[in-house]
Amino acid sequence: MAFIHVDDLKELALRKIGRNVLNFQKIEGMLKQFVGASNFQSPVSKVSETLVQRKMSIENKTMGVLAKEYFKSFDRSVEDIHKYPEGRDEPWVSLSFKIDNEDSSLAQQKAAFSFLVSERNRLIHHMLMGFDAASDPSCRALIIELDKQDEMIQREHRNLYTLLKVFDEASAVLVSELTQEQAKKIKR
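With this note's numbering, you'll find the sequence shown wraps up at 278, consecutive numbering, no jumps.
Structure, rendered in structure tokens:
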């Protein structure tokens, strides 16, 4: 970095802290969206209620817990989610979203996500403790760390965004088909 006044370095460091915290929160939000809306079963009449309950149940979960739930999509037994209760008196719906992946690729993704969670915790709980906003070297060192961290954050953000886009498209098809099916039953 060229010569920059320490006040400008401080402002830059603070902006980059905010950027990384915000992007970690975006990833956490995407995890909540995916985990809350995938892999469930419910009576058709209670789908909305079920999804609200699922959303509430994960509302306060940490990024690490959400990541573990997310990775269940890679090895979840689809049969379990599609077993309907006997003696049900109304139609049921189940939704599972399974991601097929090679074992080596999955191990890499889990490791990358585990590192992401540890980096988030490091930023929030450790990196800022030694930060001296009035110190040129401290600001520069933190800026370098934050930029390295941001590269990883952006990579995982893109991966999750792509997955959520596919999931949302699949969910829209399901909702459309359910709506059409309900309309057919009403016309009968």
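Backbone N, C-alpha and C fix where the C-beta goes; we use that ideal spot for every residue, glycine too. Only a predicted model underlies this, so the values are computations on that prediction, with no experimental measurement involved.
According to DSSP, which residues form a beta bridge with residue i?
i, result
"F130", "L185"
For residue i, collect the residues of the same chain with a Cβ closer than 6 Å to its Cβ; drop the 5 residues on either side in sequence, then sort them by chain order.
i, result
"L232", "A103 and F221"
"H216", "none"
"S128", "F187"
"L236", "K106 and N110"
Could you tell me the boundaries of the alpha helix (DSSP H) in which residue i lies?
i, result
"E139", "V137 to I148"
Starting from the C-beta of residue i, find all residues in its chain whose C-beta is less than 7 Å away, skip the five residues before and the five after it, and write them out in chain order.
i, result
"A224", "V96"
"V207", "M153, G154 and A157"
"K330", "Look at the range of the chain in this structure, 91 to 278, and you will see that residue 330 is not part of it."
"L264", "L185"
"R210", "F114 and M153"
"H247", "N113, K116 and I117"
Can you list, in chain order, the residues of its chain whose CB lies under 8 Å from that of residue i, leaving out five sequence neighbours each side?
i, result
"G177", "none"
"Y160", "L121, F124, V125 and F203"
"V137", "V183"
"P181", "P133 and V134"
By a C-beta neighbour count over all protein chains shown, 10 Å radius and 16 as the cutoff for buried, is residue i buried or exposed?
i, result
"N150", "exposed"
"E241", "exposed"
"I234", "exposed"
"F257", "buried"
"F205", "exposed"
"R267", "In the sequence as displayed, the identity of residue 267 is Glu instead of Arg. With fewer than 16 Cβ atoms within 10 Å of its Cβ, E267 is classed as exposed."
"K106", "buried"
"Q239", "buried"
"K100", "buried"
Looking at the C-beta of residue i, does it have a partner C-beta in chain D at a distance below 8 Å?
i, result
"M219", "No chain D is part of this structure, which consists of one protein chain only."
- Which runs of the alpha helix (DSSP H) fall wholly inside the stretch 248-272 and span at least 4 residues, in chain order? none
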